[in-house]
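Protein chains in written order, with the working numbering: chain D, 206 to 1044; chain Y, 51 to 304.
The block underneath contains the structure these notes are about, expressed in structure tokens.
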Amino acid sequence: MSNLPAHARAVVIGCGIVGNSVAYHLCRLGWRDVVLLDKGPLPNPGGSTGHASNFIYLVDHSKEMTALTVESVNQYKEMGVFTQSGGIEVARTKERMHELTRRMSSAASWGIEPVSLITPAKVKDLVPFIDESIILGGFYTPGVGVVDSLRAGTIMRERAEASGALQVVAKTEVVAIDVERGRVRCVRTTAGEIEADTVVITCGVWSPRVARMAGARIPLTPAVHQMIDVGPVPRFAGAKGDIEVPIVRDMDTNMYERQAGGDLEIGSYAHRPILYDPEDIPPIERAALSPTEFPFTQPDFEVQMQHALELMPEIVGDEKVGVKYAINGILSLTSDGMPVLGESPDVRGLWSAAAVWVKEGPGTGKALAEWMVHGESEIDLHSSDIARFHEHQRTRAHVRARAAEGFNKTYGIVHPSEQWASNRNVRLAPFHDRERELGATFFEAAGWERPMWYESNGPLLDEFGDRVTRRTAEWESRWWSPIINAEHLAMRERAGLFDLSAFTIFDIQGPGALGAVQEVTLRQMDVPAGRNVYTPVLSHNGGFKSDLTVMRLGDEHFRVVTGGAAGMSDKKWFADHLPADGSAQLFDLTTAMTTVGLWGPRARDILMSATSDDVSDEGFKFGACRTIDIGTVRVLASRISYVGDLGWELYVSIDQGLKLWDMLWEAGRPFGLAACGIGVYGTTGRLEKCYRAHGNELETEYNVVEAGMQAPRVKAEDFVGKEAHLRHREEEPAAVLCTLTVDDHKSKSGEKRYMLGREPVLTRNGAAITDRHGRRSYVTSAGAGPSVGKHILMSYLPPEQAVLGTKLAVQYMGERYPVTVAVVGSTPLFDPENTRIRS
Amino acid sequence: MRVLVCVKRVPFTGGKMVLAPDSMALETRHLGFTISPHEECGVEAAVRLVEVNTGESVVLTLGPPEAIEQLRDAMALGIDRAIHLQTESAEWDPEATAAAIVDAIGADEAASGPFDLIFFGNESADSGGYQVGLLVARALGRPAVTGLKGVKVEGGSVRCEQEADGGRDVYVVPMPAVLTVKEGLNLPRYPSVPGRMRAGRKPVATSAPTQAPARLEMVRLVVPPGQGRRAEVLGSGASAAPAVVEMMRKIGVA
């Protein structure tokens, strides 16, 4: 056993698939003196990797997850530990068959091929022991396979060791992590100390416990996944390998069945959620099997046996085939189903790669290592960023509530707009009661309850009649109301009042404030005080880290306003780029301020009637921000718009938010002011104006020129991503963000269908469209455009297709719909001259 | 033929045993529960005998409500029904246990006729008293043979084999009889899924026995030294050879 070095460039804690991958990729990218620790023995130290089912399905509705998985498979293949078996997700219900057509779409969007929908008879051909009479069909992915994750970990570890860059120390437990001035300094172990200013926690289900040693939080919960192994299966008696028959996912029962040599392994996500705390996991020496293989709880598996028996009676019903092994395997779940990656917002130099499963392990290891070494990863990890969590989302209770709710949706049919039911009403706007009285349907954003539409606006449906498109298909009507479109039209004709409380707001103040904001923003921040600037925030490679608004409130005072979803990550990004000398400070005002939006042609009339300050166009130009009095309330008004109409964002301290709402509501009455939900703000208003959204159009994988957001000039000051941005301006973009409209909504059945986003954009012949970087064209955002009378889609298209009038198609629910390129670049579809905003 | 097998719910201890703070019980927070390997062989023997000779197999346990798991496990393997003598206090001494079992057997036999064979494990996996089987046999006035590695029914008798130095001791006793068996008697089967599903529907007769005053008192438990050692993988393939050699030198065999 090797001795501990006194110093290390980085200490990686945990030798599961993730830790081995991270350590290997760090060394591959040039780091040396990396130490990989585990308290357990090698090659199986006792974590979740050791009992993983090890199969990999490629297609996920999440682009990020699919990308990590595909990259992982490539690595497993390169290491020679991948056995391709194929996999079939079978449907027992009609709803599931629809879902499988959605999976076909996701496969095409993310470039997973081949995939096909197959008949029960074809499923039977591939999996002869299935009872095809109880299924309606299957989604077949021939590229699905099984890996030897322990072997892969060993290979990566040994490669890194062979390069001389990595030292592996097993059977050594971390007992403390010292932090000094907010930064990791030293890892204390049972075998001594290692000084290191970079520590990676890849401890799977133990991660929260290890993070806590450094005063940091990794919000995940250990949870049970039940697995049994039955055999010997006569049909597999001559099996030469681990797997020769496609793996079956019995989606409607939340179960899977796979051959494992001469046996059949049956796994379940169907049982009641069984959650633990990291402290519940026994020490290695006290575990009967491995620490993460808990005693099987038979009562939780009763229905599952029935389901397995129904699907595979030949094997499961065989009296001679016995249950040889059954465990409650422990794995990691998070509150939103995504991993926990990146540098902790609590402690500098403390990195997390947790809640990562075998299928995305090596890809995640590579991405995290890139992030650590280069400052960003090739794959955009914003949905997995550990910094994404708001405070309440890091609590044990929240993680457990959401993990429990999400667990049984592992194979669920999850609508893109589906809302969580647990732990709601966490953050309420000061005017929440008013919204409730107006019959708001609340959607959650960063814990805030935001009205999506108001039932009290029902009468607007009559007013606008045929201009409001109705949807008859249940899927598109779910989590949606035509009232959204009616509210939109009311705003366009009169005015709308919006709850924007979910904004994340923070100030950067101090002598170094200007330099600090300049460094992280594309646009010029050295503007006169009283101006707001919408700006992309770039990654080092010139992709979109975020987009947000900065108001200059004084020479040394900037206020940053960003969305709730990206808010915490943005805050960390700004905080990380503050000057080291302390000459600028960040103050989070999210819970001190609330925001109301007022937009529409009558917005000025309304505001004028509520204030004596000058809000005329001459007195309050577009792009200006300043404090005005509305009654007794001092309000920071910012003339800006995300919906394409004249109006203001009105910022007020949270205690007076209700007062402001009431005064505006009263002032708006004579002008026909309507309360408008986020359906208008986030979708219909935005899409008509072709405004881009972070996480949809704006990801690190696309650059400013591709998004059509380049300014005529680039500021002279340095900023993150500048070099790359200058390069992007010189080259022909590989793709251009376009706005498309749907030509015909009619499906084969005659029912009109409306895309919801993330569908593949194809040629009219149905061929995939790929740009020169290998990126597929897909719908980044979709929604109604009530004022333009069209369903609007956005998509990046290669230059050949990015031509006005190009006829293309979108694949949705198994059918292709004709679409046409309506805008190339960022010119709005509605009011292209922006006269409304500037009126 | 009617066969009874008596089992005891015990912690499944694959790792290092840790005692509860008062040293009066095993710390079971991380442990699953099972029956002893001896009893598993008893269950298997009971199932096989009834498969061959027809009749009825019954499993009996004296233990906490959770011991229903062990009864279901046995029924998943083919036992027809279960008797659960449900207890509250943690440990019953062998005499009290035997007395309760004898009462239960009496009641069952009064209703359904005598058991031809009653199986026990040679000793329980936890307290290892070696008592209960013999005490029950004595109370019932039936022949008892212990430590069996072979059991064969021959007409109205049962041929019992014990392992002995250099061979086997063989006893032929008339039925009804009480047999305590050891691991190795047979190779117990795994439960099939249909078996598991059937087990949930099989009858369990639950009753609360009265506990006779204990005459055996537990003072405290001690974990023997050396318990819980684990195998260590020295490596794999040719590259493991140096480590193996080093280890052989260290332990003095090379």
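All C-beta atoms, glycine included, are put in the ideal place defined by N, C-alpha and C.
It should be emphasised that the depicted structure is a prediction, and the values quoted were computed from it without experimental measurement.
Closer than 8 Å to chain Y by CB, residue i
i        : result
ARG491/D : yes
GLU515/D : no
VAL526/D : yes
VAL947/D : no
PRO246/D : yes
PRO500/D : yes
MET206/D : Any reading at MET206/D needs caution, since the residue's pLDDT is 44, under 50, leaving its predicted position unreliable; the model's value is listed next. For MET206/D, the answer is no, since every Cβ of chain Y falls outside 8 Å of its Cβ.
Proximal chain Y residues relative to residue i, where beta-carbon distance stays under 8 Å
i        : result
LYS529/D : TYR240
PRO991/D : Under the 8 Å cutoff, chain Y gives no residues; its nearest Cβ is about 55 Å from PRO991/D.
Contact with chain D by residue i, beta-carbon distance below 8 Å
i        : result
SER177/Y : no
ILE122/Y : Strictly speaking, residue 122/Y in this sequence is Arg, with Ile absent from that position. Judged by the 8 Å Cβ criterion, ARG122/Y is in contact with chain D.
GLU90/Y  : no
GLY287/Y : no
GLU282/Y : yes
LYS300/Y : no
LYS66/Y  : yes
VAL53/Y  : no
Partner residues on chain D for residue i, Cβ-Cβ distance less than 7 Å
i       : result
HIS80/Y : PRO487, ARG491, ALA492
Beta-carbon proximity list for residue i, same chain, < 8 Å, skipping 5 on both sides
i         : result
GLY862/D  : ALA634, PRO635, PHE636, SER706, THR799, VAL801
ASP434/D  : ALA465, ASP468, LEU469, GLU470, ILE471, VAL528, LYS529, TYR530, ALA531
GLU1038/D : none
LEU271/Y  : LEU69, SER73, MET74, ALA75, LEU76
GLU937/D  : PRO1004
ALA148/D  : The requested residue 148/D is not part of the displayed model; chain D covers only 206 to 1044.
Proximal residues to residue i (C-beta, below 7 Å), its chain only, five neighbours per side dropped
i        : result
ALA780/D : LEU791
ASN901/D : THR985, SER986
VAL438/D : GLY467, ASP468, LEU469, ILE520, VAL526
ARG839/D : THR832
Contacts that residue i makes with chain B (C-beta to C-beta distance below 7 Å)
i       : result
THR63/Y : Of the protein chains in this structure, namely D and Y, none is chain B.
Residues that residue i contacts on chain D, provided the C-beta gap is smaller than 8 Å
i        : result
GLU119/Y : GLN503
GLY250/Y : GLU507
LYS202/Y : Residues of chain D passing the Cβ test: none, with the nearest at roughly 23 Å.
Proximal chain Y residues relative to residue i, where beta-carbon distance stays under 7 Å
i        : result
MET510/D : VAL243, ARG246, MET247
VAL435/D : VAL243
Contacts that residue i makes with chain Y (C-beta to C-beta distance below 9 Å)
i        : result
ASP523/D : SER242, VAL243, PRO244
Own chain, CB closer than 6 Å to residue i, minus 5 neighbours either side, in chain order
i        : result
HIS476/D : GLN431, ASP505
ALA124/Y : VAL93, VAL109
ASP793/D : PHE711
GLY292/D : TYR262, THR346, VAL349, PRO451, ILE452
ASN225/D : GLY358, MET361, ARG362
GLY221/D : GLY252, THR254, GLY409
Any non-hydrogen atom of the ligand MG within 7 Å of residue i CB
i        : result
VAL100/Y : Within the structure as shown, the ligand MG is missing, as the structure has no ligands at all.
To test your reading of the DSSP string, which unbroken beta strand (DSSP E) runs of 3 or more residues are found completely within the region 201-281 of chain Y?
207-214, 217-224, 227-231, 254-257
Starting from the N-terminal side, write out each stretch of the beta strand (DSSP E) that is 3 residues or longer and does not extend beyond the region 677-765 of chain D.
700-704, 709-714, 736-743, 749-759
Continuous alpha helix (DSSP H) assignments of at least 4 residues falling wholly in the region 238-325 of chain D:
268-283, 299-315
Cβ pair count under 8 Å reaching 3, the region 957-968 of chain D against the region 677-690 of chain D
yes
Which runs of the alpha helix (DSSP H) spanning at least 4 residues fall entirely within the region 912-990 of chain D, listed in chain order?
927-935
Inspect the CB distances between the region 288-305 of chain D and the region 557-575 of chain D and report whether three or more fall short of 8 Å.
no
Validate contact between the region 353-371 of chain D and the region 234-254 of chain D using beta carbons, cut 8 Å, 3 pairs:
yes
Tell me, please, whether the region 711-722 of chain D touches the region 769-779 of chain D by the rule of three or more beta-carbon pairs shorter than 8 Å.
yes
Which runs of the beta strand (DSSP E) at least 3 residues long sit entirely within the region 129-188 of chain Y? Give them in chain order.
131-136, 167-171
In chain order, what are the residue ranges of uninterrupted alpha helix (DSSP H) at least 4 long that sit wholly in the region 588-639 of chain D?
601-612
Three-pair Cβ contact test at 8 Å for the region 176-195 of chain Y versus the region 225-245 of chain Y
yes
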